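Participant:
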Amino acid sequence: MVLPFPGDIVVTYTALGGAMTAMSQGSLGVAARAPAVKDRSCLELGLVPSAVRGARHWAANLLTQANFDQEIVDAIVLLVSELVTNAIHAVTDPPDQQRPHQVWLAIERSPALVRVEVHDTACVPVPPEAPRRDDEEESGRGLEVIAAIASFWGWSPDSLGKVVWCELAF
Ligand SMILES: Nc1ncnc2c1ncn2[C@@H]1O[C@H](COP(=O)(O)OP(=O)(O)OP(=O)(O)O)[C@@H](O)[C@H]1O
Ligand SMILES: [Mg+2]
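The number in our numbering is simply the position in the sequence shown, starting from 1, with 8 added.
1. Spell out the partners DSSP gives F178 in its beta bridges.
2. Quick one: is the Cβ of G150 within less than 7 Å of any heavy atom of ligand 2?
3. Hey, would you say the C-beta of T100 is under 7 Å away from at least one heavy atom of ligand 2?
4. Ordered along the chain, which non-local residues of its own chain (more than five positions away) have a Cβ less than 6 Å from that of V126?
5. Would you list the one or two residues that DSSP bridges to H127?
6. Around the C-beta of G162, are 16 or more other C-beta atoms found within 10 angstroms, so that it is buried, or is it exposed?
7. Between P103 and chain C, is there a C-beta pair that is closer than 8 Å?
8. How close, in whole Å, do the beta carbons of A120 and F178 come, if the pair is a contact with beta carbons under 8 Å?
9. Below 8 Å, how does it come out for the region 81 to 90 and the region 64 to 72: are there three or more Cβ pairs, yes or no?
10. At the level of alpha carbons, what is the spacing between A155 and R149?
11. Buried or exposed: where does S49 fall if 16 or more other Cβ atoms within 10 Å of its Cβ makes it buried?
12. Helix, strand or coil for A23 per DSSP?
13. Taking Cβ to Cβ, would you say G71 is nearer than 8 Å to V81?
14. Measure the alpha-carbon distance for G54 versus L168 and round it to whole angstroms.
15. If we ignore side chains and look at the alpha-carbon of each, how far apart do I157 and P103 end up?
16. Let me check one thing: in DSSP terms, what residues is E144 bridge-paired to?
This is how it looks when you write it as C-alpha cells:
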C-alpha cells in the first residue's frame, strides 16, 4: 500500500479488523501545503459505511484528549461524519474494481483552529458550493451542513485524488 503521508508512525487498529490505520505527526505531502501546525493526526479508513462511526470516535477521542471544549468536539465530529460519508460513497458507488481506492482522514489542531481533511482516490469533482435542493429532498444536505458549521471549506486535487477540507476557527 502506498502511504500518502510518508514518514509517519503507523499504528493498526486490530480491534477494527484491520479496517483502519492511524498515524501520528504527518509531515510531508499534503501537510506541506497546509498551514504550519504541530499537531496533525491521520487515519486510513476502511471502505465500508461502518468506517464513518470509527472516524467519529477517533476524532472525538483525539480532540477530547487534547482538551477541546465539548461544543468544538461535537461540531468537528459532525463535520468528520459528513466528509467521510461523502468520500466513502464516492469511492464505492459505483464500485470501481479497476483500481485500489483509499480514504484518509487527517485532523490538525492548533489553539484557535481545527482543520479536517478527507483525502480520497475518487477523481470526481465536488460542487464548489452546497447544491440547491428542495426541502422535500432527503439527500444533498451534507455540504449544506458543512457550509453552515465550518468557518471555511473547500476541495482541491491532491496526490491521492482529491482532498475535501474544512476548518473551524474559534
Ligand atoms: N468526496 C466527494 N467526492 C465526490 N463527490 C462528492 C464528494 N463529496 C461530495 N460530493 C458530491 O457532492 C454532492 C453533494 O454532497 P452532500 O453531502 O451535500 O449530499 P449527499 O451526500 O448527496 O446527501 P446527504 O449528505 O444529505 O446524505 C454529492 O451528492 C456528490 O455528488
Ligand atoms: Mg453527503
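Glycine included, C-beta positions come from ideal geometry on N, C-alpha and C. Since the model is a prediction, treat every value here as computed from it, not as a measurement.
Facilitator: In short, the structure shows the following:
1. F178 is not bridged to any residue.
2. yes
3. no
4. L91, V92, A95, L113 and V172
5. W112 and V171
6. exposed
7. Any reference to chain C falls outside this structure, which holds one protein chain only.
8. 6 Å
9. yes
10. 10 Å
11. buried
12. With a pLDDT of only 36 at A23, under 50, the local geometry of the prediction cannot be trusted, and the value read off the model is given with reservation. A23 falls in the helix class under three-state DSSP.
13. A small correction: the amino acid at residue 71 is Leu; Gly does not occupy that position in the sequence shown. Yes; because the gap between Cβ atoms is below 8 Å, this pair is in contact.
14. 16 Å
15. 31 Å
16. Answer by DSSP bridge pairing: none, since E144 is not bridged.
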